[in-house]
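Quick notes on the structure that follows.
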């Protein structure tokens with residue numbers, strides 16, 4: 121089967137968030153199954169137009185980014201369609217076009233009009249990215265319209281959790297039997313590292329014995345970094361030497377840094393911004409607790425990464441986090457407010473044996489999200505689409 125994957129980010133070109141990890145790994149696992157996979161995405165500075173990495177063929181696009189996100193997506197989509205046509209001219213037609221999220225819907229529109237079978241994966245919705253709030257501004261409405269239209273033209277829709285399946289049906293009236301839940305996967309061996317936590321902490325100016333709570337994600341309202349910042353004083357009141365590391369970049373960073381100073385906790389908090397993947401893995405394996413305080417979370421790749429690294433997780437009871445965590449067994453689920461988040465983290469800090477037990481159970485559950493089963497489910501879906509066109 122010849123598959124064209126369209127995604128605005130990947131691990132080997134430009135990475136923004138968890139979509140890069142999910143789309144890249146999915147492409148690689150499909151290639152391992154003998155599928156011929158082409159990945160159309162943006163080009164990073166200095167990169168060639170064509171690359172082959174782990175048996176996946178990358179076609180990187182350059183385009184005018186425009187003056188807003190809608191123009192960006194439109195121009196990128198047109199460049200992707202040109203790339204698909206160029207590859208098909210030399211290699212033959214694709215059997216399946218698989219797009220990821222709303223940014224490639226314009227490309228899916230053009231390719232659908234050529235009679236190509238379309239699969240669209242929703243990793244999130246604009247409503248969800250806005251923290252579960254309907255926006256009244258132009259971009260919110262336009263992007264939501266793209267998301268509705270993508271679900272309308274796709275032969276089949278996939279998403280990452282039952283929570284997201286229900287959200288898509290509620291928001292865009294996509295028929296439930298058109299939506300297939302295919303979760304994100306992970307290879308635990310690619311996450312777990314043998315590191316000396318104390319030495320890693322010292323490199324960041326942290327005492328080797330100080331417990332570290334780590335936030336992983338974009339510094340945006342959806343991900344709830346402000347909820348964790350507001351919880352910090354109550355955590356420090358319970359244990360004074362706790363440190364907090366925020367990994368990720370976003371529009372809330374300046375506010376969060378200012379708020380940490382206002383709360384007089386800035387000495388306990390470090391904002392590292394975007395870090396290379398190897399450094400992220402090193403920090404993940406060195407921390408003591410992972411906190412995921414999202415207001416809306418379709419799935420939560422960070423949850424799988426924390427489990428794979430053998431770390432206990434405190435997470436809000438929302439979306440895919442609430443769906444996948446068994447409370448007080450492989451994680452601690454909390455309410456979406458600072459007091460509850462502080463309680464959950466303090467509960468683990470005060471119970472070392474409970475921390476170990478929860479971390480162990482998480483490392484067991486992560487094995488259920490193996491790529492072999494997930495990619496087999498996707499190939500079955502592709503076959504189903506091809507049989508019905």
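Residue numbers (this note's numbering): 121 to 509.
For every residue, glycine included, the Cβ atom is placed at its ideal position computed from N, Cα and C.
Note that the structure is predicted; figures quoted are calculated from it, not measured.
- By the Cβ rule, the region 329 to 339 does not count as touching the region 284 to 301, because fewer than three pairs are nearer than 8 Å.
- For the set 278, 167, 226, the Cα lying nearest the Cα of residue 191 is the one of 226.
- With contacts defined as CB atoms closer than 7 Å, residue 126 and residue 235 fail to qualify as a contacting pair.
- Sequence-distant partners of residue 307 (beyond 5 residues in either direction) whose C-beta falls short of 7 Å from its own C-beta, in its chain, are 491.
- About 14 Å separates the beta carbons of residue 450 and residue 425, which is beyond the 8 Å limit, so they are not a contact pair.
- The C-beta distance from residue 222 to residue 186 rounds to 15 Å, too long to fall under 8 Å, and the pair is not in contact.
- When C-beta atoms of the region 334 to 351 are compared with those of the region 361 to 380, three or more pairs fall below 8 Å, so the two segments count as touching.
- Under the three-pair Cβ rule at 8 Å, the region 237 to 250 counts as touching the region 269 to 283.
- In the displayed model, residue 191 falls within a helix according to three-state DSSP.
- According to the DSSP secondary-structure assignment, residue 390 is paired through a beta bridge with 365.
- DSSP places residue 334 in the uninterrupted beta strand (DSSP E) bounded by 332 to 336.
- Distances from the CA of residue 182 to each of 164, 438, 297 were compared; the closest alpha carbon is that of 164.
- Non-local beta-carbon contacts of residue 401 in its own chain, meaning distances under 7 Å to residues more than five positions away in sequence, involve 311, 313 in chain order.
- The three-state secondary structure of residue 243, taken from DSSP, is coil.
- When Cβ pairs closer than 8 Å are counted between the two stretches, the region 388 to 397 is seen not to touch the region 414 to 432, the count staying below three.
- A straight line joining the alpha-carbon of residue 214 with that of residue 147 spans about 15 Å.
- In this chain, residue 341 is not harboured by any alpha helix (DSSP H), its DSSP state being neither H nor E.
- Distance between residue 169 and residue 399, taken at the CA atoms: about 28 Å.
- Relative to the Cα of residue 262, the nearest Cα in the group 443, 245, 476, 493 belongs to 245.
- In the three-state reduction of the DSSP assignment, residue 140 falls in the helix class, which pools H, G and I.
- Ranked by Cα distance from residue 177, the first of 247, 362, 348, 130 is 130.
- Between residue 432 and residue 462, the gap from beta carbon to beta carbon reaches 7 Å or more.
- Looking at the DSSP output, residue 453 shares a beta bridge with 435.
- Under the three-state reduction of DSSP output, residue 124 falls in the strand class.
- Taking 7 Å as the cut-off, the Cβ atoms of residue 315 and residue 405 count as close.
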